[in-house]
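Protein chains in written order, with my numbering: chain A, 1 to 453; chain B, 454 to 906.
C-beta atoms are modelled at their ideal positions from N, C-alpha and C, and glycine is treated no differently.
These numbers were taken from a predicted model, which means no experiment stands behind them.
This report refers to the structure that appears directly beneath it.
Given below as structure tokens:
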């Protein structure tokens, strides 16, 4: 059993050899524990937010010379007494220091335990705590900004405010129930309806932001598909600006799925070059074609390449029909425009993007189209975007419960049913910000954190 | 051209995703530069060794919420104004913060540039600066302690002291030269001789410590050799406490050299399991045997295994002769004592270590013998051990030059020749602690440091 009174310890920086490593302690006795092995000033007598040079070790044995920063409750990340020890960045030193401090009474922190304590001690709500992990794992600047905005408050305050108003109504309706048969109405139905509509407008704006938020946080798996020799590997290399895939004139050159990530317009696109779609007797190639179809089904976007130098309009229409049937968003790209017949180009529908992957013609237009396809805009300071699948699901469930409340009122259902749906909505809302939690939920969230955070 | 007035910046913690990353600045304007993009208290008005929470970014855009520690000259590692920024451990955030601060006038630090500045500004001498790198790269606790002792002063003070006395004599002798034909003797030859002998006693103790120091710092490449099926792979696995090498009854199972490191008695032993030594028609195995011989030649220690169950005393003597001819230190190990004939064991010379690798009999005795073979003792706080090849070479060269001085005095050479050899000794001594340096020497030393140190 882990008590909240424990003092926890962990390496907070990545493992490895480096100039510095930072070991972090938090807990009632964090400063006392450090003081027992610190050779320098008496840390217990120093003010918060100060840094002190000294040796660290037992009597007659110094492990390292370190800088110790102390933070006194509640003025720390966890709101507990905290210590950050900056030592030389050697794994041997880190191991010895942690061993030493554990011998003084600290215990190894579990993943996310520092942030969990910050949450328990009211530094921030659950949605903000989750944003701390998102911030650390942000893969591009847009994702970083979305996470930072969320960590700094994001939708938390607004959701808590709306939730309180809803609680007020729920209480009134439940009060009515106490009066049983008397047919009183403490909660004015008109006001409740207005409040719910107001909440739903806010919820829906958050729900809609997830389309973008998900793309920003998780990136876009994008398959480059098309018939053999349509120029898929050439396009991948051009998008990556390197010779990642082997390119040849021989149809069927690519068999494995070759992939890599590029940030375009603040979003990580994972481009996958695939085997060209054709019936083939080559066993390895046919496995490749099978994998291509698999990837296409799981993609968020298909860049479908047509070889304009080789393909007739009828073939183009045929391929597009097949493509449509997948139900995955796709963009039609006419490649090799420099070799295409004039009449083919003239008769192509408007929604074709015409490029030459080899000559790198129109590539920046292609990138612009990809970005605008997802309606990605730069995240600014203060923009609220839902990037977390858990938040998204709870927002949708809250909205559904509120739909049921509205529907119930329209059909004059009794107060007890209304109250049930309102309580359901409150539950889902409360789970987002962590007013309502369970051990499972918390364990699930914090176990995904780094140790030391 | 890099001016010492520049403010340098680097990530000081390992790259990667983690709870924290620390970015370090040093230079006259380090605090001003940070202040320009810090949203919090005015850092310029804060005392040294304090930590401050705030946003970091330009107007209208915050990159991250960070903790900024400030250190005012000369009370910092570099003795310059310094700043340590603790941000969330995301590579995206680190990149953006460094970009931002470079736009304010900081420039990227070169490897070791922080330590180089600390050296230039007199925080420590060159041998101590090198110990900083050794401390970071220490692979076991003994190496850590040796480096820490050196960083804290080690032989530096003593060498500087002896060097000053020697300079005194050199000056006197050079003064004599000014008087040309007058045959004065300002430097008493008897006193000079005493001083040199005293210096040499100290130098020799340092030189001798390198045997151990080198082993502690660089580890011991140890080849496990012997005839096929002598039990080499079984011994490797037993020493490593894992199933690293494939073991079978079939002679010739091991072909590649399989290796791994274990710390025994504070020293990293790199044990190498090798192909058994025999003539073989198998091409792959014969390449393996060739490699075994190669490794044996380059080893610092050979653990030679005799299969006591299969080998006659004559064969044992034959194999040992071959072994001796290599000129590499070796230990003779009789394996499979549980299956050995009594008369073989009784007639074995005393210097055989008898084990059963399979039954793990006598393994700890074997380990003790290995450790005592290198006369390794635990490094205690304050022990002075030379671990650095450069220091060792300079110590030897100093000693040689002093030998020449003594020899010269015995043969009554003229003062100008004495002075030359003394100056030579002073040069080599001064290079150790950095009183004498060249750009090449410094570049060579500091380029091996981490960036950020």
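**Asked** Taking only beta-carbon atoms, is residue 898 of chain B less than 8 Å away from chain A?
**Response** No, no contact with chain A.
**Request:** Tell me whether residue 414 of chain A is buried or exposed, calling it buried when 16 or more other Cβ atoms sit within 10 Å of its Cβ.
**Result:** It is exposed - the Cβ of residue 414 of chain A has fewer than 16 other Cβ atoms within 10 Å.
**Item:** N- and C-terminal bounds of the alpha helix (DSSP H) containing residue 467 of chain A
**Value:** With chain A represented from 1 up to 453, any question about residue 467 of chain A goes unanswered, as that position is not in the structure.
**Prompt:** Going by other Cβ atoms of all chains shown within 10 Å of its Cβ, with 16 needed for buried, is residue 461 of chain B buried or exposed?
**Reply:** With 16 or more Cβ atoms within 10 Å of its Cβ, residue 461 of chain B is classed as buried.
**Message:** Checking 8 Å against the spacing of the C-beta atoms, do residue 433 of chain A and residue 127 of chain A come in under that value?
**Reply:** Contact check for residue 433 of chain A against residue 127 of chain A passes: the beta carbons are separated by less than 8 Å.
**Prompt:** Which of helix, strand or coil does DSSP assign to residue 907 of chain B?
**Reply:** With chain B covering 454 to 906 only, the question about residue 907 of chain B has no answer from this structure.
**residue 899 of chain B vs residue 565 of chain B beta-carbon contact at 8 Å** = Their beta carbons are under 8 Å apart, which means residue 899 of chain B touches residue 565 of chain B by this criterion.
**Asked** Alpha carbon to alpha carbon, how far is residue 821 of chain B from residue 700 of chain B?
**Response** Each residue's alpha carbon lies about 25 Å from the other.
**Prompt:** Smallest Cα separation from residue 305 of chain A: which of A:326, A:228, A:299, A:36?
**Reply:** Here the closest residue by C-alpha is A:228.
**Request:** Would you mind telling me which residues of chain A sit closer than 8 Å to residue 593 of chain B, beta carbon to beta carbon, in chain order?
**Result:** Within chain A, the residues 92 have their CB atoms less than 8 Å from the CB of residue 593 of chain B, given in chain order.
**Asked** Between residue 290 of chain A and residue 253 of chain A, what straight-line distance do the alpha-carbon atoms span, to the nearest angstrom?
**Response** Going from the Cα of residue 290 of chain A to the Cα of residue 253 of chain A covers about 15 Å.
**Prompt:** Applying a beta-carbon distance threshold of less than 9 Å, which residues of chain A neighbour residue 905 of chain B?
**Reply:** Correct list: 18, 19, 20, 89.
**Residues of the region 521–543 of chain B with Cβ closer than 8 Å to any Cβ of chain A, in chain order** = Those would be 522, 524, 537, 539, 541, 542, 543, in chain order.
**Residue burial classification, residue 766 of chain B (beta-carbon count within 10 angstroms, cutoff 16)** = Result: exposed.
**Message:** Taking the beta carbon of residue 597 of chain B as the centre, do at least 16 other beta carbons fall within 10 Å, making it buried, or is it exposed?
**Reply:** Per the 10 Å Cβ criterion, buried.
**Asked** Going by C-alpha distance, which of B:811, B:647, B:807 is nearest residue 696 of chain B?
**Response** Closest by alpha carbon: B:811.
**Item:** Range of the contiguous alpha helix (DSSP H) that encloses residue 217 of chain A
**Value:** Segment 189–218, the alpha helix (DSSP H) holding residue 217 of chain A.
**Item:** Residues near residue 894 of chain B by beta carbon distance below 8 Å, same chain, minus five either side
**Value:** Counting only Cβ-Cβ distances below 8 Å, and skipping sequence neighbours, we find 884.
**Prompt:** What is the DSSP secondary structure of residue 225 of chain A, reduced to helix, strand or coil?
**Reply:** In the structure shown, the three-state DSSP call for residue 225 of chain A is strand.
**Pick from B:621, B:709, B:498 that is closest to residue 525 of chain B, judged by C-alpha positions** = Nearest Cα to residue 525 of chain B within the set B:621, B:709, B:498: B:498.
**Message:** Just to confirm, is the Cβ distance from residue 557 of chain B to residue 486 of chain B under 8 Å?
**Reply:** Going by C-beta atoms, residue 557 of chain B is nearer than 8 Å to residue 486 of chain B.
**Asked** Beta-carbon of residue 1 of chain A versus every beta-carbon of chain B: anything under 8 Å?
**Response** Because the pLDDT at residue 1 of chain A is just 40, under 50, the model does not fix this residue reliably, and the value given afterwards should be weighed accordingly. Under the Cβ criterion of 8 Å, residue 1 of chain A is not counted among the residues facing chain B.
**Message:** I need the boundaries of the alpha helix (DSSP H) containing residue 714 of chain B, first residue and last residue.
**Reply:** DSSP places residue 714 of chain B outside any alpha helix (DSSP H); the residue lies instead in the beta strand (DSSP E), whose first and last residues are 711–717.
**Request:** Alpha carbon to alpha carbon, how far is residue 90 of chain A from residue 17 of chain A? Give it in angstroms, no decimals.
**Result:** A direct Cα-to-Cα measurement between residue 17 of chain A and residue 90 of chain A gives close to 5 Å.
**Prompt:** Expressed to the nearest angstrom, what Euclidean distance is found between the alpha-carbon atoms of residue 575 of chain B and residue 612 of chain B?
**Reply:** C-alpha separation (whole angstroms): 17 Å.
**Helix, strand or coil at residue 870 of chain B according to DSSP, with G and I counted as helix** = Helix at residue 870 of chain B.
**Beta-bridge pairing of residue 356 of chain A - partner residues as DSSP gives them** = In the DSSP output, where bridge partners are listed per residue, residue 356 of chain A has A:361.
**Asked** Does any CB atom of chain A fall closer than 8 Å to the CB of residue 504 of chain B?
**Response** Taking Cβ atoms only, chain A reaches closer than 8 Å to residue 504 of chain B, which makes this a yes.
**Request:** Check whether the Cβ of residue 61 of chain A lies closer than 8 Å to any Cβ atom in chain B.
**Result:** Output row for residue 61 of chain A: interface = yes.
**Chain-ordered chain A contacts of residue 465 of chain B [CB-CB under 8 Å]** = Within 8 Å of the CB of residue 465 of chain B, the CB atoms of chain A belong to 18, 19, 20, 89, in sequence order along the chain.
**Request:** Determine whether the Cβ of residue 631 of chain B lies closer than 8 Å to any Cβ atom of chain A.
**Result:** Taking 8 Å as the CB threshold, residue 631 of chain B stays off the interface with chain A.
**Listed by chain order, chain A residues near residue 570 of chain B by CB distance under 8 Å** = The premise fails here: residue 570 of chain B is roughly 13 Å from chain A at the closest Cβ pair, so nothing lies under 8 Å.
**Item:** Residues of its chain near residue 401 of chain A, where Cβ-Cβ distance is below 7 Å and the 5 sequence neighbours each way are ignored
**Value:** Only 421, 424, 425, 428 meet the Cβ criterion.
**Prompt:** Mapping DSSP to helix, strand and coil, what is residue 267 of chain A?
**Reply:** Looking at residue 267 of chain A - three-state DSSP - the assignment turns out to be strand.
**Message:** By the three-class DSSP mapping on this structure, what secondary structure does residue 482 of chain B have?
**Reply:** Residue 482 of chain B: coil per DSSP, three-state reduction.
**Prompt:** Using Cβ-Cβ distances below 9 Å, what residues of the region 262–289 of chain A are close to chain B?
**Reply:** Of all residues in the region 262–289 of chain A, none has a C-beta nearer than 9 Å to a C-beta of chain B.
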